[in-house]
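J.: Numbering (this note's numbering), first residue to last: 18 to 636.
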């Protein structure tokens with residue numbers, strides 16, 4: 018509805034004050050660098066260079082730089098990229114473009130990667146593959162691939178598995194011919210004549226014993242068998258003497274590599290020491306029983322020899338499982354690209370590719386970079402229903418459309434759906450348009466927003482990255498393992514959320530007011546909701562959480578008050594519920610069909626996706 022209700026009065030215009038549309042240009046001031054400007058305006062250095070046609074990082078005071086628009090000069094690609102064909106599973110639904118390929122500060126989506134048990138990225142060789150085209154496709158070198166997989170030649174076989182990350186493997190030297198060990202001659206007295214049998218298809222040791230009037234144990238003793246496993250073509254002795262037990266001369270085992278000793282010097286890090294000795298950080302930690310990567314000058318370290326197995330991941334606590342997520346980690350002072358990568362047992366090239374860096378040397382102390390990590394998360398309970406269900410109901414004399422989402426399903430993703438690619442909230446779209454462009458299984462309109470800029474009035478976190486923030490004090494927060502809760506932001510009036518405000522959350526949607534708390538309808542509301550239009554009778558949308566870990570998405574075009582909407586949500590089973598934008602903004606869809614369309618454009622939608630197999634992010 019096109020009225021002050023959408024703004025939550027002038028009190029909520031403050032939400033737009035610090036989520037205004039990004040400026041189109043910036044004038045270089047004294048002390049500015051291309052890197053500092055890129056951090057300030059959430060762009061990469063390369064993006065700034067492309068937008069302004071810069072050949073290098075040199076800028077001058079007073080120079081006007083574009084922050085939006087088309088690149089001034091399109092840089093010629095260094096090489097023709099090799100398009101990878103990745104066929105998604107048939108069960109995977111279409112992921113919205115805004116989720117599948119975010120831009121700006123959100124890392125770009127890449128084809129799904131495969132991992133082995135150690136967390137290394139792997140690639141399965143296909144027919145026609147060579148080391149050259151595999152290296153080109155994954156932005157690495159033939160030499161690197163050989164080192165990672167201990168290869169001495171260029172020959173590959175279809176179906177062969179290659180490691181793209183991890184610790185390099187030393188190629189095995191060709192085995193030297195071993196002279197046969199001379200054993201003492203044993204004089205065996207002549208015994209009964211030996212009788213032999215050749216195993217045929219379908220034979221078992223039991224059948225052979227029965228056929229020749231003997232026992233399985235006797236056959237095992239005659240042939241020196243420790244099990245009943247036999248093979249076609251194998252010759253079995255049926256009579257004669259049992260083989261004499263001869264103790265072979267044990268070959269001498271090579272001496273185990275001896276660990277080195279190292280004294281920590283000023284400026285040393287575990288990553289640097291590990292790189293110097295060609296071992297992993299985890300191996301040094303295991304040899305010295307270190308629980309972290311903190312070391313002190315003068316500390317004596319035991320450095321394991323190359324090839325020493327790294328420390329096995331610790332056993333998971335009961336009731337948890339390992340999950341690979343992508344977290345944003347800060348670069349520590351004094352860290353190099355190699356030592357930063359070694360801290361997480363990955364290589365610098367992987368850090369560069371995950372963060373879309375043209376060169377790994379762009380990293381600076383304090384920068385937040387995306388890295389893969391294995392985390393122990395609670396094992397979700399077994400789902401009790403279909404992932405997403407829909408019903409139309411009459412509640413409190415009001416016809417409502419209800420979508421219920423069972424968050425116990427691992428492949429369910431709840432996320433904001435933006436009207437355009439990237440982080441631009443400036444256009445808006447109807448519920449019908451958001452549904453058609455995103456492919457969401459279900460979708461409901463989002464929270465309040467500025468009527469001209471479409472900037473949301475509350476915090477929005479998508480894939481672990483904070484997109485915008487506002488004054489609304491309550492939010493729906495969802496972890497990567499789909500544990501959902503309604504939380505308070507708990508920060509000052511105009512302040513930006515701190516690094517720990519939404520730590521561990523993949524999705525955050527701030528909205529309100531809270532209309533149900535602990536199963537009871539709320540009668541008092543936050544002081545920021547002062548506009549009488551908010552509490553008048555209007556079309557309504559709301560989200561809530563049940564005691565069975567279900568997410569409720571509800572919308573109606575009937576005119577109801579805030580209190581009445583709270584009673585409806587409580588009747589539907591919500592223990593906690595938040596109001597969404599209403600009036601002409603209210604709308605909901607299910608299975609691609611729009612049940613109630615919004616009359617006007619909205620800032621964003623809240624979408625539900627099933628069959629989700631993408632990355633899980635943590636801030």
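Yeah, the Cβ is synthetic: ideal placement off N, Cα and C, and Gly gets one too. It should be emphasised that the depicted structure is a prediction, and the values quoted were computed from it without experimental measurement.
Which residues in the same chain as residue 604 place their Cβ atom closer than 6 Å to its Cβ, once the five residues preceding and following it in sequence are excluded?
T.: 448, 462, 613, 614, 615
J.: Apply the 10 Å Cβ neighbour rule to residue 464 and answer buried if 16 or more other Cβ atoms are within range, or exposed otherwise.
T.: By the 10 Å Cβ count, residue 464 comes out buried.
J.: Exposed or buried, what is residue 314 when buried is set at 16 or more other beta-carbons lying within 10 Å of its beta-carbon?
T.: Exposed, by the Cβ-count rule.
J.: For residue 533, I'd like the list of residues in its chain whose CB is within less than 8 Å of its CB, leaving aside the five on either flank, ordered along the chain.
T.: The residues are 539, 561, 583, 586, 587, 591, 592, 593, 594.
J.: Residue 223 by DSSP, collapsed to three states: which one?
T.: helix
J.: Output yes or no for whether 7 Å exceeds the beta carbon distance between residue 501 and residue 589.
T.: no
J.: Can residue 279 and residue 318 be called in contact, C-beta distance under 7 Å?
T.: yes
J.: Do residue 255 and residue 240 count as a contact pair if the criterion is CB distance below 7 Å?
T.: no
J.: According to DSSP, simplified to helix, strand and coil, what is residue 504?
T.: In this structure, residue 504 counts as strand in the three-state DSSP scheme.
J.: What is the DSSP secondary structure of residue 250, reduced to helix, strand or coil?
T.: coil
J.: Considering Cα atoms alone, identify which of 224, 74, 282, 572 is closest to residue 411.
T.: The option with the nearest alpha carbon to residue 411 is 572.
J.: Within 10 Å of its beta-carbon, does residue 523 have 16 or more other beta-carbons around it, so buried, or fewer, so exposed?
T.: Burial call: buried.
J.: Grab the span of the alpha helix (DSSP H) containing residue 52 for me, first residue to last.
T.: Unbroken alpha helix (DSSP H) run through residue 52: 51-57.
J.: Are three or more beta carbon pairs between the region 481-492 and the region 347-360 nearer than 8 Å?
T.: no
J.: Could you check which residue in 519, 570, 223 has the C-alpha nearest to that of residue 458?
T.: 570
J.: Can you list, in chain order, the residues of its chain whose CB lies under 6 Å from that of residue 148, leaving out five sequence neighbours each side?
T.: 159, 162, 171
J.: Please report the residue range of the beta strand (DSSP E) in which residue 235 lies.
T.: Segment 233-240 is the alpha helix (DSSP H) holding residue 235; no beta strand (DSSP E) there.
J.: Would you check if the region 356-368 and the region 377-393 touch, i.e. whether three or more CB-CB distances between them fall below 8 Å?
T.: yes
J.: List the endpoints of the continuous beta strand (DSSP E) containing residue 297.
T.: Premise fails: residue 297 is in no beta strand (DSSP E) and is neither H nor E.
J.: Under 6 Å Cβ to Cβ from residue 430, same chain only, skipping five residues before and after it: list those, please.
T.: 626, 629
J.: Tell me whether residue 488 sits in a helix, a strand or coil according to DSSP, three-state version.
T.: Coil at residue 488, not helix or strand.
J.: Fully enclosed by the region 131-186, which alpha helix (DSSP H) runs are 4 residues long or longer?
T.: 148-154, 159-166
J.: Please give me, in chain order, every unbroken run of the alpha helix (DSSP H) with length at least 4 that falls completely inside the region 329-413.
T.: Runs of the alpha helix (DSSP H) spanning 4 or more residues and lying entirely within the region 329-413 occur at 354-360, 365-371, in chain order.
J.: Just grab the DSSP bridge partners of residue 473 for me.
T.: 466
J.: Could you tell me how far apart the beta carbons of residue 366 and residue 157 are, in whole angstroms, since I believe they sit closer than 8 Å?
T.: Confirmed, about 6 Å.
J.: Reducing DSSP to helix, strand and coil, say where residue 418 ends up.
T.: strand
J.: Would you kindly work out how many angstroms separate the C-alpha atoms of residue 211 and residue 321, rounded to a whole number?
T.: 55 Å
J.: Would DSSP call residue 455 helix, strand or coil?
T.: Residue state, collapsed to three classes: helix.
J.: Report the option in 168, 287, 257 whose CA atom is closest to the CA atom of residue 231.
T.: 257
J.: What span of residues does the beta strand (DSSP E) with residue 434 cover, start to end?
T.: 430-434
J.: Where does residue 280 sit, in a helix, a strand or coil, going by DSSP?
T.: In the structure shown, residue 280 sits in a strand (DSSP, three-state: E or B).
J.: Taking the alpha-carbon positions, what's the residue 644 to residue 558 distance?
T.: No answer is possible for residue 644: it lies beyond the span of the chain, which begins at 18 and ends at 636.
J.: Cutting at 7 Å between CB atoms, please list the residues of its own chain near residue 77, excluding the five before and the five after it.
T.: 45
J.: Can you grab the Cα-Cα spacing for the pair residue 165 / residue 302, in whole Å?
T.: 22 Å
J.: Suppose only complete runs of 4+ residues qualify. What are the alpha helix (DSSP H) ranges in the region 505-589, listed by chain order?
T.: 549-552, 579-588
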